[in-house]
Ligand SMILES: O=C(O)CCC(=O)C(=O)O
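In the numbering used here, the protein residues as written are 2 to 265.
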């Protein structure tokens, strides 16, 4: 469902700055959820049946997640406004998917504080900068106790090392969320977070994790075939352009994607 990007609300800014994450329920239609979920299951079960350019969690039906109207307003606010009407001011630099059955867990608590260098979180004069921002699309319901991603609210701007008793599962300082399929969680990679064991025996956790930075900075190496990007609409392609701001010799701002201007 194509609509105009939804600006980040004052309430979302407050919560994102306070906790390091926000949850936005029901961002996708049922058809969109089904299309992306089926794609993720095909990636696991029958990857070779897909066109090579569709064998990614950011391509095929899942490419609509990259600049979905629900997240564009937030990413503009926490990473950077568009360079012009045809070019985003943020970049997508990493994507992975997860299918987690009951009993399976993810990463131990990690992150917190200033651990991501120039990508670290800060907020000055009521302007958020979340230099590395992760967007999680939940494609199945996440109920109370199921085991969505855990966050330690506030740890994106902590000033002390996390004490050992809190740097592990079971600490009461962690918080999670419940949401219907098609919801999106947006968090600063600076917030301490973890992947707990999934507990729901009725359905697995199926999620896509996309990571964004400001267009002038790069954390993850991309290594994405150009054909994958070229299968996207023009403005979406600019999420994958090279990482530089301006070519003074050619008087050329970096506001375009081309085969010669791809992030490495
Ligand atoms: O498995 C999860 O829910 C969290 C994923 C994670 O830890 C990460 O994206 O760094």
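Glycine residues also receive a C-beta, built at the ideal position from the N, C-alpha and C atoms. Predicted, not measured: the structure shown is a model, and the values here were computed from it.
Give me the Cβ distance between residue i and residue j, rounded to the nearest whole Å; I'm assuming they're in contact under 8 Å.
| i | j | result |
| --- | --- | --- |
| residue 108 | residue 171 | The pair is not a contact, with the Cβ atoms about 15 Å apart (cut-off 8 Å). |
| residue 95 | residue 212 | 4 Å |
| residue 84 | residue 254 | 7 Å |
| residue 93 | residue 59 | 7 Å |
| residue 338 | residue 88 | Since the displayed the chain opens at 2 and closes at 265, residue 338 lies outside it and no answer follows. |
| residue 264 | residue 219 | 6 Å |
| residue 189 | residue 131 | 4 Å |
| residue 20 | residue 152 | 7 Å |
Using a threshold of 7 Å, is the CB atom of residue i nearer than that to any non-hydrogen atom of ligand 3?
| i | result |
| --- | --- |
| residue 153 | As far as ligands go, the structure on display features ligand 1 and does not contain ligand 3. |
Given the structure, does residue i come close to ligand 1, in the sense that its CB is under 7 Å from one of the ligand's heavy atoms?
| i | result |
| --- | --- |
| residue 40 | no |
| residue 321 | No answer is possible for residue 321: it lies beyond the span of the chain, which begins at 2 and ends at 265. |
| residue 194 | yes |
| residue 210 | yes |
| residue 135 | yes |
| residue 99 | yes |
| residue 108 | yes |
| residue 150 | yes |
According to the neighbour-count rule (16 or more other Cβ atoms, all chains shown, within 10 Å of its Cβ), is residue i buried or exposed?
| i | result |
| --- | --- |
| residue 133 | buried |
| residue 104 | exposed |
| residue 139 | buried |
| residue 198 | exposed |
| residue 97 | exposed |
| residue 5 | exposed |
| residue 57 | buried |
| residue 40 | buried |
| residue 135 | buried |
| residue 18 | buried |
| residue 30 | exposed |
| residue 44 | buried |
| residue 110 | buried |
| residue 208 | buried |
| residue 47 | exposed |
| residue 247 | exposed |
| residue 125 | exposed |
| residue 11 | exposed |
| residue 147 | buried |
| residue 13 | buried |
| residue 113 | buried |
| residue 33 | buried |
| residue 238 | buried |
Kindly say whether residue i, judged by its beta-carbon, lies nearer than 8 Å to any beta-carbon of chain B.
| i | result |
| --- | --- |
| residue 234 | Checking the listed chains, one finds no chain B in this structure; it contains a single protein chain. |
**Prompt:** Is it true that the region 62 to 78 meets the region 99 to 118, where meeting means three or more beta-carbon pairs spaced less than 8 Å apart?
**Reply:** no
**Prompt:** Are the region 137 to 145 and the region 175 to 186 touching by the rule of at least three beta carbon pairs closer than 8 Å?
**Reply:** yes
**Prompt:** Using 8 Å as the threshold, is the region 208 to 225 in touch with the region 153 to 169, meaning 3 or more CB pairs across them?
**Reply:** no
**Item:** Inter-stretch contact at 8 Å, needing at least 3 Cβ pairs: the region 68 to 80 / the region 220 to 228
**Value:** no
**Message:** Using a Cβ distance threshold of 8 Å, determine whether the region 228 to 248 contacts the region 201 to 210, with at least three qualifying pairs required.
**Reply:** no
**Asked** How about the region 26 to 35 and the region 183 to 192: do they share at least three Cβ pairs that are nearer than 8 Å?
**Response** yes
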